[in-house]
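Chains as they are written, first to last, in our numbering: chain G, 1 to 110; chain A, 1 to 117.
Here's what the structure looks like:
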């Protein structure tokens, strides 16, 4: 069955640097990949969606890529700030219930 | 106004009890979901419910039963609670993202933390 894997449980980064989070999938290429942010004690919040036929998507300091050859999506936060500290979840799916990865906890250190 | 609201936010109960979590969305979405997030923070789909169809995840024990009185509400009832049911339960609703040709984007509630003693 299809799996979504976020191999890094935690990532620490210095303020101002670019944070790069990885999401890998097995088997077939999903039609979409989505990225969500989750803060402690809260529900996930949608950030970005990228389709299979799109290489890259941007929103302010956020950038998502989709590489069907590597079966991978990368999520970048440029000029990271302590306020970016949160858990980031990758999810695959389009019009069916989303399947989430386990998330990567990002800590941006001032 | 809260888009997806769940009650209660915290629930502590004894093994063997029956409890319910309520969820309401004011977004006009047609589809609602229940997800379970365990102690390792893994978010797993339990049910999705459209206007016309309830989709049951086969790994969910039949002690869990969703009930939808109308498309704005999806409640979760749990019978005979077990220790392993302790988790945070998230309700969500979705709509198709404009321009995405069919992709559903989820709006989550704040979660209901269930502790079974």
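Backbone N, C-alpha and C fix where the C-beta goes; we use that ideal spot for every residue, glycine too.
(request) Verify the CB distance criterion: does residue 93 (chain A) have a CB-CB separation below 8 Å to chain G? (result) Under the Cβ distance rule, residue 93 (chain A) does not count among the residues neighbouring chain G, no pair being separated by less than 8 Å.
(request) Can you grab the Cα-Cα spacing for the pair residue 105 (chain A) / residue 94 (chain A), in whole Å? (result) So the alpha carbons of these two residues sit roughly 5 Å apart.
(message) Am I right that residue 102 (chain G) and residue 41 (chain A) are in contact with their C-beta atoms under 8 Å? What's the rounded C-beta distance?
(response) Correct: roughly 6 Å between the Cβ atoms.
(message) Please report the straight-line C-alpha distance between residue 53 (chain A) and residue 111 (chain A), rounded to a whole angstrom.
(response) The alpha-carbon atoms of residue 53 (chain A) and residue 111 (chain A) are separated by roughly 24 Å.
(message) Any beta carbon from chain A within less than 8 Å of residue 99 (chain G)'s own beta carbon?
(response) It does: the Cβ of residue 99 (chain G) has a partner Cβ on chain A nearer than 8 Å.
(message) Quick check: what's the CA-CA separation for residue 66 (chain G) versus residue 8 (chain G)?
(response) The straight-line gap from Cα to Cα measures roughly 18 Å.
(message) I want to know whether the segment 9-28 of chain A touches the segment 57-75 of chain G - three or more CB-CB distances under 8 Å.
(response) Under the 8 Å Cβ criterion, the segment 9-28 of chain A does not count as touching the segment 57-75 of chain G, having fewer than three qualifying pairs.
(message) For a test of the three-state rule: what should DSSP assign to residue 66 (chain A), helix, strand or coil?
(response) Three-state DSSP puts residue 66 (chain A) in a strand.
(message) List, in chain order, every chain B residue whose beta-carbon is nearer than 9 Å to that of residue 42 (chain G).
(response) In summary, chain B is missing from the structure at hand, where the protein chains are G and A.
(message) Against chain G, does residue 5 (chain A) count as a neighbour if the rule is that its beta carbon must be under 8 Å from one of theirs?
(response) Taking CB atoms only, residue 5 (chain A) has no neighbour in chain G less than 8 Å away.
(message) Rounded to whole angstroms, what is the Cα-Cα separation between residue 20 (chain A) and residue 79 (chain A)?
(response) Looking at the two C-alpha atoms, the distance is approximately 9 Å.
(message) Within 10 Å of its beta-carbon, does residue 3 (chain A) have 16 or more other beta-carbons around it, so buried, or fewer, so exposed?
(response) With fewer than 16 other beta carbons inside 10 angstroms of its own, residue 3 (chain A) counts as exposed.
(message) Strictly under 8 Å for the Cβ-Cβ distance: is residue 86 (chain A) near chain G by that measure?
(response) Answer no: the Cβ-Cβ gap between residue 86 (chain A) and chain G never drops below 8 Å.
(request) Note the first and the last residue of the continuous beta strand (DSSP E) segment covering residue 22 (chain A). (result) Its beta strand (DSSP E) spans residues 19-25.
(request) Rounded to whole angstroms, what's the CA-CA distance from residue 61 (chain G) to residue 39 (chain G)? Just pull it up for me. (result) If you take the alpha carbons of residue 61 (chain G) and residue 39 (chain G), they lie about 18 Å apart.
(message) Using the Cβ count rule (16 or more neighbours within 10 Å means buried), how would you classify residue 39 (chain A)?
(response) Around the beta-carbon of residue 39 (chain A), fewer than 16 other beta-carbon atoms lie within 10 Å, marking it exposed.
(message) Checking 8 Å against the spacing of the C-beta atoms, do residue 78 (chain G) and residue 18 (chain G) come in under that value?
(response) It is a contact, given that the beta carbons lie within the stated cut-off.
(request) Could you name the residues that DSSP lists as bridge partners for residue 53 (chain G)? (result) DSSP output for residue 53 (chain G) lists no bridge partner at all.
(request) For residue 19 (chain G), name the three-state secondary structure that DSSP assigns. (result) The answer is strand: DSSP assigns residue 19 (chain G) an E or B state.
(request) Name the residue from A:36, A:32 and A:50 whose alpha carbon lies nearest to the alpha carbon of residue 59 (chain A). (result) Checking every option, the nearest Cα to that of residue 59 (chain A) belongs to A:36.
(request) Compute the distance between the beta-carbons of residue 12 (chain G) and residue 80 (chain G), then report whether it is under 8 Å. (result) Cβ distance not < 8 Å, so residue 12 (chain G) and residue 80 (chain G) don't count as in contact.
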